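**Student:** Sharing a structure here in structure tokens format.
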Amino acid sequence: MLPETNRWGMRATSIRSSTDLRASMNNEYYGRPPHSTHYLLNMSFKGTNTQRKYDIDCILSNNIECSKYSILQRYLNTDCYGRFTPINTILERMMAAQLELITQAISALGMTEEMPLIDGGQKSVWKGLLSGTPAVAKIILLSGNPGNDQITVTRAQREVELLTDIDSPQVVRTLTDAIQIGEPPEAVAWAEEWLDGSDLTQHLDRQFTSDEVWKLLADLAKGLKEIHSLEVVHRDLSPNNIRWKSDGSFVLMDPGLARHLAKTALTGVFQPGTPGWRSPEHVAGGEPVPSSDIFCLGILAYYCLTTQLPFAINKDPAEQEFELLNCQVSSVQDLRFDLDPDLVSVVDRCLQRQPARRFIDGAELLGELQILGKA
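Residue numbering for the sequence shown follows the UniProt record's numbering, beginning at 1 and increasing consecutively.
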């Protein structure tokens, strides 16, 4: 049986058979993390051509997904000597292998005294010390698929290069280059500055004051101005990627899905982004531009002022895309009668469906805020 928790405070489901495995997927006690994934394992047996397939839903308290297919394959081929290797044993070894990779990455970055902050999907975020200064290690575990891994590595390198080229207190700073762990690479990692405060997500249970939203708009416009000046679109301006620091300032983070307009696209026809926080140009086949980030900033401002999204979220992806493409957002004043007309005008303009009717980029928005004396 899997231990309830390991020394990092992570917990996995206790699974004894494939029946338990499938049952655990709907277990009310464990629930289902939003990022959990089913994994199809090919169980190899020495001396035979038999392959058994099992769906695995690995649920950990920090929403870590066991996405390392190469690690799975390694342990399955090693231990299947004509007899079934317990799923519990495989999961334990998967967890140990992932943590070993993370430890190697943190050590290679020169960081010490590490502790986990966020673990979800392929990315792990750990806090530690770099040359005695608080820092954050970001580690992305690769899948073992050469084609997908190359895209992941390239995207990580572009993210680090972008952040290195920007010198602004409104955009998180990198402290190291992106490094690859293993040969062939099994992970890619880099270090960023540690930001105090908390993600914007943790503050969305109340309506913000006008002054707080003016500050949000001004700080993020400054950050977007720097990003857009490098011909880059952030594309994922969601609450998880905004840090509200203890001094009251806001900082842009995690441009991992950024679109470099002057470079080859990496995402294909489907656009990235967080549901509910995307622009009409995020719809499949669309082409996000700097004003797409402005639309997403408008969503943030609207939600902070009203605790509501400016349009309905539909669970059906096709209907959600239709809603985005045809959205006609009502004025934020309809839900907040106390707002300064200038603030209403800025937020409403950010949320125009047609890109040409919005502020074209961070620089134009910042210029407007400066004219109004709000930046």
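Beta carbons are placed, not taken as given, at the ideal position from N, Cα and C, and that holds for glycine. Quantities reported herein were computed from a predicted structural model and do not represent experimental measurements.
Measure the Cβ-Cβ separation of Leu300 and Leu339 and say whether it is below 8 Å.
**Tutor:** As a position in the sequence shown, residue 300 is number 300, starting the count at 1. As a position in the sequence shown, residue 339 is number 339, starting the count at 1. No, these two residues do not count as a Cβ contact at 8 Å.
**Student:** Let me know the secondary structure DSSP gives Ser98 once reduced to three states.
**Tutor:** Walking along the sequence shown from the start, residue 98 turns up at place 98. What sits at residue 98 in the sequence shown is Gln, not Ser. Three-state DSSP puts Gln98 in a helix.
**Student:** According to DSSP, is Ile242 helix, strand or coil?
**Tutor:** Numbered from its first residue, the sequence shown carries residue 242 at position 242. It is a strand residue.
**Student:** Might you give, ordered along the chain, the residues of its own chain that have their beta carbon closer than 8 Å to the beta carbon of Ser198, omitting 5 neighbours on each side?
**Tutor:** As a working note, residue 198 is residue 198 in the sequence shown. These residues qualify, in order along the chain: Arg243, Trp244.
**Student:** Just the Cα atoms here: how many angstroms apart are Thr307 and Val329?
**Tutor:** Residue 307 sits at position 307 when you count from the first residue of the sequence shown. Residue 329 sits at position 329 when you count from the first residue of the sequence shown. Distance between the alpha carbons of Thr307 and Val329: 15 Å.
**Student:** Quick check on DSSP: helix, strand or coil for Gln157?
**Tutor:** The residue you call residue 157 lines up with position 157 of the sequence shown. Three-state result, Gln157: helix.
**Student:** If we count the other Cβ atoms within 10 Å of its Cβ and call it buried at 16 or more, is residue 380 buried or exposed?
**Tutor:** Since the first residue of the chain shown is 1 and the last is 375, residue 380 is not available in this structure.
**Student:** Could you compute how far the alpha carbon of Arg278 sits from the alpha carbon of Gly373?
**Tutor:** Here residue 278 corresponds to residue number 278 of the sequence shown, with the count starting at 1. Here residue 373 corresponds to residue number 373 of the sequence shown, with the count starting at 1. One C-alpha to the other measures close to 29 Å.
**Student:** Cutting at 7 Å between CB atoms, please list the residues of its own chain near Arg358, excluding the five before and the five after it.
**Tutor:** Stepping through the sequence shown from its first residue, residue 358 is reached at position 358. Within the same chain, Arg358 has close Cβ partners Ser291, Ile294, Phe295, Arg349, Cys350, Gln352.
**Student:** Please go through the same chain and pick out, in chain order, the residues whose beta-carbon is closer than 6 Å to the beta-carbon of Gly147, but skip the five residues on each side of it.
**Tutor:** Reading the sequence shown from its first residue, position 147 is the one you call residue 147. Nothing meets the Cβ criterion.
**Student:** The beta strand (DSSP E) that contains Ser345, what's its start and end?
**Tutor:** Position 345 of the sequence shown holds residue 345. Premise fails: Ser345 lies in the alpha helix (DSSP H), 341-350, not in any beta strand (DSSP E).
**Student:** Closer than 8 Å is the cut-off here; do at least three beta carbon pairs connect the region 149-167 with the region 200-220?
**Tutor:** no
**Student:** Should Glu226 be labelled buried (16 or more other beta-carbon atoms within 10 Å of its own) or exposed?
**Tutor:** On the sequence shown, residue 226 is found 226 positions in, with the first residue counted as 1. Its Cβ being crowded by 16 or more others within 10 Å, Glu226 is buried.
**Student:** Does the separation of the CB atoms of Gly285 and Val347 fall below 8 Å?
**Tutor:** As a working note, residue 285 is residue 285 in the sequence shown. As a working note, residue 347 is residue 347 in the sequence shown. Inclusion of Gly285 and Val347 in the CB contact set at 8 Å is not warranted, their separation being larger than that value.
**Student:** Between Leu101, Ile102, Cys304, which has its C-alpha nearest Arg206's C-alpha?
**Tutor:** The count along the sequence shown starts at 1 and reaches residue 206 at position 206. Of the residues Leu101, Ile102, Cys304, the one whose Cα lies closest to the Cα of Arg206 is Cys304.
**Student:** Hey, Leu325 and Val283: beta-carbon distance below 8 Å or not?
**Tutor:** Working through the sequence shown from its first residue, we reach residue 325 at position 325. Working through the sequence shown from its first residue, we reach residue 283 at position 283. In this structure, Val283 lies closer than 8 Å to Leu325 by Cβ.
**Student:** For the pair the region 150-163 and the region 104-120, tell me if three or more CB-CB distances fall below 8 Å.
**Tutor:** no
**Student:** Report buried or exposed for Asp316, applying the criterion of at least 16 other Cβ atoms within 10 angstroms of its Cβ.
**Tutor:** Here the question's residue 316 lines up with position 316 in the sequence shown. Result: exposed.
**Student:** Taking the Cβ atom as the reference point for each residue, do Pro185 and Glu281 lie within a distance shorter than 8 Å?
**Tutor:** Here residue 185 corresponds to residue number 185 of the sequence shown, with the count starting at 1. Here residue 281 corresponds to residue number 281 of the sequence shown, with the count starting at 1. Contact flag unset, no.
**Student:** Between Glu368 and Phe337, what straight-line distance do the alpha-carbon atoms span, to the nearest angstrom?
**Tutor:** In the sequence shown, counting from the first residue as 1, residue 368 sits at position 368. In the sequence shown, counting from the first residue as 1, residue 337 sits at position 337. One C-alpha to the other measures close to 22 Å.
**Student:** Under the three-state reduction of DSSP, which class applies to Ser131: helix, strand or coil?
**Tutor:** Working through the sequence shown from its first residue, we reach residue 131 at position 131. In the structure shown, Ser131 sits in coil (DSSP, three-state: anything other than H, G, I, E or B).
**Student:** Here's the rule: buried if 16 or more other CB atoms are within 10 angstroms of the residue's CB, otherwise exposed. What is Thr201?
**Tutor:** Walking along the sequence shown from the start, residue 201 turns up at place 201. Exposed.
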